[in-house]
Amino acid sequence: MDIYLPIAEMAVDVFVLLGLGALVGFLSGLFGIGGGFLTTPLLIFIGIPAPVAVATGANQIVAPSVSAVLAHWRRGNVDLRMGVALLIGGLIGSAIGVTVFAVLHRLAQLDVVIRIAYVLFLGVIGLLMLKESVQAMRRARQPVSRPKPPRTWLDALPLKVRFRRSRLYVSALLPIAIGMLVGVLAAILGVGGGFIMVPAMIYLLGMPSSVVVGTSLFQIIFVTAAVTIMQALTTQTVDVVLALLLITGSVVGAQFGVRAGTRLRGDQLRVLLAIIVLTVAGKLAYDLVATPLDLYSVGGVPEAR
Amino acid sequence: MSGGWHAVRLQGLQRAATLLLLALTFLAAAAAGARAELVAALSNHLVAVSTGFSGTDVLLFGTTDGSGDVVVVVRGPDSVVTVHRKGRAWGIWMNEADLAFSKVPGFWSIASSRPIDSILADGVAEFHGLGLPWLQFEPLENTSQRRIAEFRDALIRTKQRAGLFSGEPRPIAFLGQRLFRTDIWIPANAPIGTYTVSVFLIRDGEVVSAETTPLVVGKVGFEARVFDFAQKQSLGYGVLAVLVAALAGWLASLAFRKG
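Structure follows, in C-alpha cells:
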C-alpha cells in the first residue's frame, strides 16, 4: 500500500516505512542510541531526498527517545545534572553544525563528506567497542574489578561539579565538550549521536553503564528537537507524515528493545552494537570506493548505485 | 460641467469599440471553428496528488478534420538543474565538476500515432522539439559544445532512469478515421506544477496544426495543507513536528507500561 509523502513529494510503501521504523526503534531501545545513523542512510537508500532524510530522521528520533527516557527514568537511570551539561554543549554544537552543513551544501560536497564522516566515526568507534567488549568478556571468566578510567589532566580542569547519580566529581567542561561534538554530528549527519556519546561517557567520563543510556537519550531528545526546528525553519524539509510512520514503527520496536536489553549482558550488548556499527561503516566505505553506476548525478533526482 | 460631458461621451465611444471588437472575435472564432483541423481535450485538467497517489493516467482525446498523424508532447514545469560529475580522488569518488542548465522541464513525455521518424520530414522534429534529442536546455556558463553535450546527455539519462523523461513514444490510437485517444501517464514522482500538453497534427511530413492545453499537477486536501503549513509557518510547523513526536513517544510509553 503506497502513501504519498507531502514534503518528500513521492509515494512510498507504508509497510516498508513501518518496518524500517520498528527495526531502528528496537535498536534504539536496546542500545540507547537514537538509531539515526541507520534511519538516515536507509531513507536515502529507498529514494527519499537526502535533505528530507536528514531532517525527518532527526524529527523521528525524538519519539523513541522520549519513550525510552521515560522507561529509564522510572528505573532511576537518568542523571539529570549530567544530561543538562551535555545538552548545553549539544545546542552550541548543533548551531555550528548547521553552518558547516550550509557551506558544504553550497560546494556540492555534502554527500561525500557525510559518507566519509560516517565511515571514520563508525569505523573507529566500532573497532574500539569490539576490542573493549571482547577484553571484558575474557575478564568476566576470571573476575577482576572494573578498571577505573585513567585520570590525568582531565582531573585538573576547572568548574568541578558533583554528579550524584553518576557517582562522579568532574569538570562540567568535559560533558559540555562531549555534548558539543555530538551536536555538530546531529546537525551534519542527521543522527542523535548516541553512538558517540555512550562510549565517550563510559570511557572518557567513567560513568556507570546503568545511567549512561538513559542520560544520553535525555540529551538526544532536546538536541534532535532543536535540529528539527532549525531544519523546518531554514530548509522546510521535515516531512511530518514520513516521521509519523517511522515513529509508529519505532515506538513499538523501542519497547521490545528495552526489554531485550534487560535480558542481555552489557558486554554482549556492546559486541552486538560494535558489529552493527562496523557493518554500516563497511557498506558506506564500499559505496565510496566502488565505481558508481553513473558518474553523473542530477540535483533532486535519486542517484543510481 | 463640460468635463463631465466629455467623460460620458468617451465612455459611450469605448463601449461601442468594445462591442465591435467582441463581434469581430466571434466572427473569427466561427470561421476558425468551421475549418478546425484539430480539436483535443483532456478528461481532467487537474491531477490531484493526495495520500494514495501512486501515479495516474489522464485521457487525451480529440478529432482531426481528415487523415493525418497525431503527436502529443507533455512537458512539466521548467526549472534550473545542476548536473554533477564524479571523479576519483584518493580512491574516493566525489563530485569534481558540474554544469547548471535552465529551462529543464521537470517532466517530459511523447506519444505518437505512428513511429515519429516515419511521419516527419527532415528537420521538423528538431524545429518543434518532438523528441528528447531536441530539448533545448540553456547552460548557465559559457563552455565548449562538447562539455555541454556531455552534461546534457547525463541529465537526460538520469531523468529517464527516474521515469521523468520518456524518449520512447507511447501509442496514440485512432478510432476510425478522425477520432483519436491516448493515455498520458503522470508518475508518482512527477513534480508539482503546471504542465503543457501540446497536440500536433501532421500531414505529408509537416506540422499543419497544433493545440496546447494546460494540465495542473497539484496537491489537494491533507497533503496540500501540510505542505502549505510547512512553507508558510515554518517555525510553528517545526515546533508541532517535535511535539507530535514527543507525544507519540509518551503515549507509547504509557501503553506499554500497562500492557
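First to last, the sequence lines map onto chains A and B.
Quick note: the first sequence uses the working numbering, first residue 1, plus one each step.
Quick note: the second sequence uses the working numbering, first residue 1001, plus one each step.
Note that the Cβ used here is the ideal one computed from N, Cα and C, for glycine as well.
Discussion item. Using C-beta distances below 7 Å, list every residue in its chain close to A/L159, excluding the 5 sequence neighbours before and after it, in chain order.
Written reply: S171, A172, L173
Worksheet item: Can you list the residues of chain A that B/S1234 reaches, using a CB-CB cut of under 7 Å?
Response: A232, L233, Q236
Practice prompt. Please decide whether A/T215 counts as near chain B, where near means a Cβ-Cβ distance under 8 Å.
Written response: no
Worksheet item: Can you give the Cα-Cα distance for A/M10 and A/G249, rounded to whole angstroms?
Response: 20 Å
Worksheet item: How long is the line joining the alpha carbons of A/S145 and A/L87, rounded to whole angstroms?
Response: With a pLDDT of 47 at A/S145, under the threshold of 50, the modelled position of this residue cannot be trusted; read the value that follows with caution. Their Cα atoms are separated by approximately 32 Å.
Discussion item. Let me confirm a value: A/T99 is counted as buried when at least 16 other C-beta atoms fall within 10 Å, else exposed. Which label applies?
Written reply: exposed
Discussion item. So, for B/K1086: in the same chain, excluding its five sequence neighbours on each side, which residues have a beta-carbon less than 8 Å away from its beta-carbon?
Written reply: W1093, M1094, N1095, E1096
Item to complete: Let me know the secondary structure DSSP gives A/A281 once reduced to three states.
Response: helix
Worksheet item: Between A/T279 and chain B, is there a C-beta pair that is closer than 8 Å?
Response: no
Discussion item. Taking the beta carbon of B/T1025 as the centre, do at least 16 other beta carbons fall within 10 Å, making it buried, or is it exposed?
Written reply: Only weak support exists for where B/T1025 lies, its pLDDT of 47 falling under 50; the coordinates are left without a value.
Practice prompt. Consult DSSP for A/V251 and reduce its assignment to one of helix, strand or coil.
Written response: helix
Item to complete: Can you tell me which of A/G193, A/I114, A/D239, A/A260 puts its alpha carbon nearest to the alpha carbon of B/F1227?
Response: A/D239
Item to complete: Please name the residues in the region 17–50 of chain A whose beta-carbon is closer than 8 Å to at least one beta-carbon of chain B, in chain order.
Response: none
Item to complete: Just the C-alpha distance for B/G1163 and B/I1110, rounded to the nearest angstrom, thanks.
Response: 13 Å
Item to complete: Please determine, among A/A274, A/Q231, A/V241, A/L269, the residue with the shortest C-alpha to C-alpha distance to A/V54.
Response: A/Q231
Discussion item. Using DSSP's beta-bridge definition, name the partner residues of B/F1165.
Written reply: B/W1108
Item to complete: Output yes or no for whether 8 Å exceeds the beta carbon distance between B/G1106 and A/V251.
Response: no
Worksheet item: B/S1102: buried (16+ other C-beta within 10 angstroms of its C-beta) or exposed?
Response: exposed
Practice prompt. Starting from the Cα of A/L242, find the closest Cα among A/L30, A/L23, A/N59, A/V24 and give me that residue.
Written response: A/N59
Worksheet item: Just how far apart, CA to CA, sit B/L1262 and B/S1253?
Response: The requested residue 1262 of chain B does not occur in the structure, where chain B is confined to residues 1001 to 1259.
Worksheet item: In chain A, which residues lie with their C-beta within 7 Å of the C-beta of B/F1107?
Response: Per Cβ cutoff of 7 Å: no residues; B/F1107 is ~12 Å from chain A at best.
Worksheet entry | Nonlocal neighbours in the same chain, by C-beta distance under 7 Å from A/S133, ignoring five residues either side | D267, R270, V271, A274
Worksheet item: Between which two residues does the alpha helix (DSSP H) carrying B/E1206 extend?
Response: That residue, B/E1206, is in no alpha helix (DSSP H); its beta strand (DSSP E) goes 1206–1219.
Worksheet entry | CB contact check: B/Y1195 to chain A, cutoff 8 Å | no
Fill in: Cutoff 8 Å; reference A/G118; Cβ partners in own chain excluding five residues on either side
It should be pointed out that residue 118 of chain A corresponds to Tyr in this sequence rather than to Gly. The residues are F37, P41, L189, V280, A281, L284.
Worksheet item: Going straight from the alpha carbon of A/V258 to that of B/L1042, what length do you get?
Response: 56 Å
Discussion item. I need the straight-line Cα distance from B/Q1231 to A/Q236, nearest angstrom please.
Written reply: 6 Å
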